[in-house]
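Trainee: Note that the working numbering has the sequence shown beginning at 371, numbered continuously upward. For every residue, glycine included, the Cβ atom is placed at its ideal position computed from N, Cα and C. Supplied in structure tokens, the structure appears directly below.
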Amino acid sequence: MRIDLSILKLDNKHFHRPWLIKREGGEYRQHAHLKTQEDAERVRELILQGRKAPCRDYRIAMQRILTTEEYEQLDVKPRFHRPQRVYR
């Protein structure tokens, strides 16, 4: 999936989520605010890899940035299944 995303830091010190990730060439509402730069970079990486996010904050940000059709096409990462331990 090829989407142009940019990450900006807002200068106002009173913002709870100062990092902004927005879709270049997208609508005004296609942006999300995140707490740290690492969160913003992680969301961008997940979108470019075509995977759904593991946590709620990332999922909400991805739903805001992508259209509903694009979000539904993302792959879900399979969860690790630990088989029951066998005691000898």
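Output needed for residue 413: all residues of its chain with C-beta closer than 8 Å, excluding positions within five of it in sequence on either side, in chain order.
Mentor: As a working note, residue 413 is residue 43 in the sequence shown. If we look at residue 413 and ignore the five residues flanking it on each side, its Cβ neighbours are 391, 402, 404, 423, 428, 431, 432 and 435.
Trainee: Quick one: what does DSSP say residue 452 is sitting in, helix, strand or coil?
Mentor: On the sequence shown, position 82 is the one that residue 452 refers to. Residue 452: coil per DSSP, three-state reduction.
Trainee: Considering just the uninterrupted stretch of the alpha helix (DSSP H) at residue 390, what are its terminal residues?
Mentor: One-based indexing of the sequence shown puts residue 390 at position 20. First-last for residue 390: 389-393, but that is the beta strand (DSSP E), not the alpha helix (DSSP H).
Trainee: Can you tell me whether residue 378 is buried or exposed, with buried defined as 16 or more other CB within 10 angstroms of its CB?
Mentor: Position 8 of the sequence shown, counted from the first residue, corresponds to residue 378. Exposed is the call here.
Trainee: Identify every residue that forms a DSSP beta bridge with residue 374.
Mentor: In the sequence shown, the residue the question calls residue 374 occupies position 4. Answer is none; residue 374 lacks a bridge partner.
Trainee: Please determine, among 375, 421, 439 and 406, the residue with the shortest C-alpha to C-alpha distance to residue 385.
Mentor: Sequence index remark: in the sequence shown, residue 385 carries index 15 (1-based). Comparing Cα positions, the closest option is 406.
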